[in-house]
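**Q**
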Amino acid sequence: MLAQASSTSRARWWVVLTGAALVLAGCSGGGDDGSEARDKKDDTASSIILPSTPPSARGLATGPALEPVGLVKASDQLDDQVGQSVQALAAEGRSGALVTDDVVVAYSVANVSGYDPKTGKTLWTAKLDMGTGTTCSLSQPETADVKTFTVLYDTDGAGCEGLATVSVADGKVLTDVDLGQLAAEDDTEQALYSADDDIVTIGKTDHLLGQVGRSEDVGMYAVDDGKPVLKAVLGTDVKSVSPAAAAPVLVVATGDDADGDSACTISGFALPAFEKSWTTRFSSVFPGRSSSDCLMSLSPHDGTWIYAEDGVRNSIAQLDATTGKVIGSVTQADGVDQEVPADQPSLYALENDQTLAVDGDLVMPQVRSIARYSMTSGKLVWRFDAAELLVDGVPDGDRYRVVVRPKSLTSDGRYVIATASGQSSVEVFALDAKTGAVVGRWPVPEKYRTGLTLDPVVVPFPGGIALTRNFVDDLGAELVGEAPGADGADVYDIGLFSWPKQR
Numbered sequence: 007m008l009a010q011a012s013s014t015s016r017a018r019w020w021v022v023l024t025g026a027a028l029v030l031a032g033c034s035g036g037g038d039d040g041s042e043a044r045d046k047k048d049d050t051a052s053s054i055i056l057p058s059t060p061p062s063a064r065g066l067a068t069g070p071a072l073e074p075v076g077l078v079k080a081s082d083q084l085d086d087q088v089g090q091s092v093q094a095l096a097a098e099g100r101s102g103a104l105v106t107d108d109v110v111v112a113y114s115v116a117n118v119s120g121y122d123p124k125t126g127k128t129l130w131t132a133k134l135d136m137g138t139g140t141t142c143s144l145s146q147p148e149t150a151d152v153k154t155f156t157v158l159y160d161t162d163g164a165g166c167e168g169l170a171t172v173s174v175a176d177g178k179v180l181t182d183v184d185l186g187q188l189a190a191e192d193d194t195e196q197a198l199y200s201a202d203d204d205i206v207t208i209g210k211t212d213h214l215l216g217q218v219g220r221s222e223d224v225g226m227y228a229v230d231d232g233k234p235v236l237k238a239v240l241g242t243d244v245k246s247v248s249p250a251a252a253a254p255v256l257v258v259a260t261g262d263d264a265d266g267d268s269a270c271t272i273s274g275f276a277l278p279a280f281e282k283s284w285t286t287r288f289s290s291v292f293p294g295r296s297s298s299d300c301l302m303s304l305s306p307h308d309g310t311w312i313y314a315e316d317g318v319r320n321s322i323a324q325l326d327a328t329t330g331k332v333i334g335s336v337t338q339a340d341g342v343d344q345e346v347p348a349d350q351p352s353l354y355a356l357e358n359d360q361t362l363a364v365d366g367d368l369v370m371p372q373v374r375s376i377a378r379y380s381m382t383s384g385k386l387v388w389r390f391d392a393a394e395l396l397v398d399g400v401p402d403g404d405r406y407r408v409v410v411r412p413k414s415l416t417s418d419g420r421y422v423i424a425t426a427s428g429q430s431s432v433e434v435f436a437l438d439a440k441t442g443a444v445v446g447r448w449p450v451p452e453k454y455r456t457g458l459t460l461d462p463v464v465v466p467f468p469g470g471i472a473l474t475r476n477f478v479d480d481l482g483a484e485l486v487g488e489a490p491g492a493d494g495a496d497v498y499d500i501g502l503f504s505w506p507k508q509r
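Taking our numbering, the leading residue of the sequence shown gets 7, the next gets one more, and so forth.
(1) Within a Cβ cutoff of 6 Å, which residues of the same chain sit near P214, ignoring the five residues on either side of it in sequence?
(2) So, under 8 Å CB-CB, V255 and L277 are touching, yes? Tell me the CB distance rounded to an integer number of Å.
(3) Would you list, in sequence order, the uninterrupted beta strand (DSSP E) runs of no fewer than 3 residues that lie entirely inside the stretch 277-358?
(4) Tell me which residues share the same chain as Q196 and place their Cβ nearer than 6 Å to its Cβ, disregarding the 5 neighbours each side in the sequence.
(5) Count the other CB atoms within 10 Å of the CB of E167; is the residue buried (16 or more) or exposed (fewer)?
(6) Please classify T138 as buried or exposed, where buried requires at least 16 neighbouring CB atoms within 10 angstroms.
(7) Going by DSSP in three states, G399 sits in which element: helix, strand or coil?
(8) Looking at the secondary structure, which residues open and close the alpha helix (DSSP H) in which G186 lies?
(9) Taking V410 and P371 to be in contact with their CB atoms under 8 Å, please state how far apart those CB atoms are, rounded to whole angstroms.
(10) Mark Q217 as exposed unless 16 or more other C-beta atoms lie within 10 angstroms of its C-beta, in which case mark it buried.
(11) Please give the ranges of any alpha helix (DSSP H) in the stretch 169-248, keeping only runs that are unbroken, at least 4 residues long and fully inside the region.
(12) Out of A170, W388, T271 and R475, point me to the one whose CA is closest to W284's CA.
(13) Could you tell me the alpha carbon to alpha carbon distance between G428 and V450, rounded to whole angstroms?
(14) For W505, report the span of its beta strand (DSSP E) as first-last.
(15) Going by beta-carbon coordinates alone, are V422 and L56 separated by less than 7 Å?
(16) Give the secondary structure of K453 by DSSP, where H, G and I count as helix, E and B as strand, and everything else as coil.
(17) Roughly how many angstroms separate the alpha carbons of E345 and A439, rounded to a whole number?
(18) Once you ignore the five residues that flank W130 on each side, which residues in its own chain have a CB closer than 6 Å to its CB?
(19) Please list, in chain order, all residues of the same chain as L362 whose beta carbon is under 6 Å from its beta carbon, the five residues on each side excluded.
(20) Give me whichever residues DSSP pairs with K127 in a beta bridge.
(21) Given that a residue counts as buried once 16 or more other Cβ atoms are within 10 Å of its Cβ, and exposed if not, what is D203?
(22) Quick check on DSSP: helix, strand or coil for Q372?
(23) Any idea what DSSP makes of R100, helix, strand or coil?
(24) Here's the rule: buried if 16 or more other CB atoms are within 10 angstroms of the residue's CB, otherwise exposed. What is V373?
(25) With burial defined as no fewer than 16 other Cβ atoms inside 10 Å of the residue's Cβ, what is the status of R220: buried or exposed?
(26) Output needed for F280: all residues of its chain with C-beta closer than 8 Å, excluding positions within five of it in sequence on either side, in chain order.
(27) To which residues does DSSP link A259 through a beta bridge?
(28) May I ask which residues mark the beginning and end of the beta strand (DSSP E) holding V75?
(29) Spell out a yes or no on whether the stretch 205-213 and the stretch 135-149 are touching, meaning 3 or more CB-CB pairs, one atom from each, closer than 8 Å.
(30) Going by CA-CA distance only, name the one from I54, S53 and A63 that's closest to S375.
(31) From what residue to what residue does the beta strand (DSSP E) around I55 run?
(32) What residues in its chain sit with their C-beta under 6 Å from that of G330, if we drop five residues either side in the sequence?
(33) Measure how close the beta-carbons of V463 and I471 come, nearest whole angstrom, since I'm counting them as under 8 Å.
(34) Can you tell me the Cα-Cα spacing of P506 and P74, whole angstroms?
(35) Using the beta-carbon count (16 or more within 10 Å), is S91 buried or exposed?
(36) I need the boundaries of the beta strand (DSSP E) containing N476, first residue and last residue.
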C-alpha cells in the first residue's frame, strides 16, 4: 500500500485529508511483560525488522539505531531563517514523501526528488519553476503501482496555483499549468477559482478542493489530463473532508446545509459518483451543542470519526459510513486536570490529524501515551503508557517534554509506527497493533537528527522509513528546528533510514 504524508500549513479552508487503515485490541502498556520472542517471519511480512526480544518501554532505547541510507540537507534559504518564529516559516516550510514500487518520492520546500530506497541515491529531481515558493502537496495514491503523480506548488508565496504531473520513473514533468491563469481564461460557473493546499487522491485519481467559479461554494475537482474538472459541489464553508475506511464514501463536514441555513452538518458522498447519500446535523451528533456554531474536524484516516471543541468541552463521535447514523459519542470538560475514567481516552488537546483508524477503532495520541478506543464497546482497547520512556538528550527531569504520537502502520497493519520527540532528539518505536505492547525501539543517530527531531513526518517503505522535517512546529517550541550549533552540525530536511539488521 502506498503511503503519503506531509508537514504543511493551510491557508484557506481547514481541511484534513487522506485515507488509510489500521488494526488493533485489551489495555496494555509497557514492554517488560515477558513476551515471547516473535517468529522471524513476522518481520518479513511487515517489511520491518524487529528485535527477537521486545525492548523495554522504560528508560532509554538500548538497541541499535536506525541506519542512514540517504539524507538531504536543508536548503540554504531555510538555513538562513532557522531560528525565526513558526509563523515566519509556515508559508515556506513544507515536506513529505510518498512510496511507489521502486522509488521514494520526497519533497522539501522547492525540491521534489526521487530516491532509491535501497541505496538512498538521488534518481532524479523534477524541474519545476517554483521561484520563491514551495511544494504544497503531492498525490496520495492508494496503491504503489503508480506511474505518475501530481504536484501542487506555490511560486511566489501567494497561493498554491501551480499544478504539475510528474513521471515516477524519471521525474519528467509531463504537464504543468497555472491554476490562476486557467481560472482567468475559463471564467465560467464551474471553473476552479481558488484551490486549497492539499491534493485528495481517491483510488488513482487526484482531486483538488476549491472555490467553484465566483460563488461561495466549495467543489471537488478531478485532475484530468493535468487540468481540474468539477465533479461535485460539496457546500459552503467546508471544514474538513476525509474518506471513510469502511465504505466507498467521502465524508464532508460543512458549516451549512444544502438549503442554505447556517447549520453545521456532516454528509456522506457515495464514490465514485460523488452522490450525496446522507446528511447528519452537528447537533444530532453532539446533543446539547448548537448546529450554528461548530468547530470540528474529521480523522484523516477515517472520516466517520469526528472531533469537536468549543473551549469548554471536547468531544469525539463516530458515524456509520453508509447511513450517517451516530454510533456513539464521548464528551469531556476541557482542561488538563480533568479526571478521566481508566477505560476512557483523554480528549484534552486531542490532535485529530494525528489519529489513525484501525478496524473501526481510533488510535489517538494522549499526554505521554497512545491509546486505541472502540466506540462500539465504549472502552479503550489498549493504552501504551510512555511515562517512563526516555529519549536521548532529554534530562530525566524533563521527560514530560517528550511527545509521543502514532504516525503510520506497517503495510500489513500489524504494527503501529510512532515517534517520541524531544527538542534535540527523536526515536521511532513500534507497537503491536492488537495489544499495544512495544515491539521495537530505534533512536535516530545523533549525527543525523538536526532538523528531524521535532515531530517529523514518517513514511515507511519496504526495508526502512523516511523521515522529513516538520516545519510547522506544534510541540510548544518557539523555534522551528534547531539552528546549526557551535559544532557546525548539519541540518536535514529528509532522511531515509533502514531498519537495523542486528537482532
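No residue lacks a Cβ here, since even glycine has one placed at the ideal position from N, Cα and C. Remember, predicted model here, so these are calculated numbers, not experimental data.
**A** Looking at the atomic coordinates:
(1) The residue you call residue 214 lines up with position 208 of the sequence shown. A quick correction: the sequence has Leu, not Pro, at residue 214. The residues are A201, Y227 and P234.
(2) Stepping through the sequence shown from its first residue, residue 255 is reached at position 249. Stepping through the sequence shown from its first residue, residue 277 is reached at position 271. V255 to L277, Cβ: 6 Å. Contact.
(3) 281-287, 302-305, 308-315, 319-325 and 332-339
(4) Numbered from 1 along the sequence shown, position 190 holds the residue referred to as residue 196. Counting only Cβ-Cβ distances below 6 Å, and skipping sequence neighbours, we find L236.
(5) Your numbering for residue 167 matches position 161 in the sequence shown. It counts as buried.
(6) Walking along the sequence shown from the start, residue 138 turns up at place 132. Its Cβ having fewer than 16 others within 10 Å, T138 is exposed.
(7) Residue mapping note: residue 399 aligns to position 393 of the sequence shown, counting from 1. Looking at G399 - three-state DSSP - the assignment turns out to be coil, as it is neither helix nor strand.
(8) On the sequence shown, residue 186 is found 180 positions in, with the first residue counted as 1. First-last of the alpha helix (DSSP H) with G186: L185 to E191.
(9) In the sequence shown, the residue the question calls residue 410 occupies position 404. In the sequence shown, the residue the question calls residue 371 occupies position 365. The Cβ separation is near 7 Å, so the contact holds.
(10) As a first step, residue 217 is located in the sequence shown; it is residue number 211 there, counting from the start. Q217 is buried by the Cβ-count criterion.
(11) 185-191
(12) On the sequence shown, position 278 is the one that residue 284 refers to. The candidate whose alpha carbon is nearest that of W284 is T271.
(13) The sequence position of residue 428 within the sequence shown is 422, counting from 1. The sequence position of residue 450 within the sequence shown is 444, counting from 1. Rounded to the nearest angstrom, the two C-alpha atoms are 12 Å apart.
(14) Here residue 505 is taken as the residue at index 499 of the sequence shown, counted from 1. From DSSP, W505 is part of no beta strand (DSSP E); its letter is neither H nor E.
(15) Your numbering for residue 422 matches position 416 in the sequence shown. Your numbering for residue 56 matches position 50 in the sequence shown. For V422 and L56, no; Cβs fall outside 7 Å.
(16) For the purposes of this step, residue 453 is taken as residue 447 along the sequence shown, with counting starting at 1. If DSSP states are grouped into helix, strand and coil, K453 belongs with the helices.
(17) By 1-based counting over the sequence shown, the position of residue 345 is 339. By 1-based counting over the sequence shown, the position of residue 439 is 433. Those two C-alpha atoms are separated by around 27 Å.
(18) Residue 130 sits at position 124 when you count from the first residue of the sequence shown. Excluding residues within five positions, the ones whose Cβ falls inside 6 Å are G120, D176 and G177.
(19) The residue labelled residue 362 in the question sits at position 356 within the sequence shown. Only L28, H307, V369 and P412 meet the Cβ criterion.
(20) Sequence index remark: in the sequence shown, residue 127 carries index 121 (1-based). BP columns for K127 are empty, so no partner.
(21) Counted from its first residue, the sequence shown places residue 203 at position 197. Buried, since its Cβ has 16 or more Cβ neighbours within 10 Å.
(22) Reading the sequence shown from its first residue, position 366 is the one you call residue 372. Strand.
(23) Start at 1 with the first residue of the sequence shown, and residue 100 comes out as number 94. In the structure shown, R100 sits in coil (DSSP, three-state: anything other than H, G, I, E or B).
(24) If you number the sequence shown from 1, residue 373 lands on position 367. V373 should be labelled exposed.
(25) As a position in the sequence shown, residue 220 is number 214, starting the count at 1. By the 10 Å Cβ count, R220 comes out exposed.
(26) Numbered from 1 along the sequence shown, position 274 holds the residue referred to as residue 280. M226, K237, A238 and L256.
(27) In the sequence shown, counting from the first residue as 1, residue 259 sits at position 253. S246 and I272.
(28) On the sequence shown, residue 75 is found 69 positions in, with the first residue counted as 1. Start and end: E73 to K79.
(29) yes
(30) Along the sequence shown, one-based indexing puts residue 375 at 369. Considering only alpha carbons, the answer is A63.
(31) Looking up residue 55 in the sequence shown gives position 49. Counting along the chain, I55 falls outside any beta strand (DSSP E), and DSSP gives it neither H nor E.
(32) Counted from its first residue, the sequence shown places residue 330 at position 324. Cβ neighbours of G330 beyond the five flanking positions: G274, W284 and T286.
(33) Residue 463 sits at position 457 when you count from the first residue of the sequence shown. Residue 471 sits at position 465 when you count from the first residue of the sequence shown. Going by Cβ atoms, the distance from V463 to I471 rounds to 11 Å, so no, they are not a contact pair.
(34) Position 500 of the sequence shown, counted from the first residue, corresponds to residue 506. Position 68 of the sequence shown, counted from the first residue, corresponds to residue 74. Between P506 and P74, the C-alpha separation is close to 10 Å.
(35) As a position in the sequence shown, residue 91 is number 85, starting the count at 1. Only weak support is given to the placement of S91: the predicted model assigns it a pLDDT of 38, under 50, and the question is left unresolved by the model.
(36) Mapped onto the sequence shown, residue 476 falls at position 470. Note, N476: premise wrong, no beta strand (DSSP E); not H, not E.
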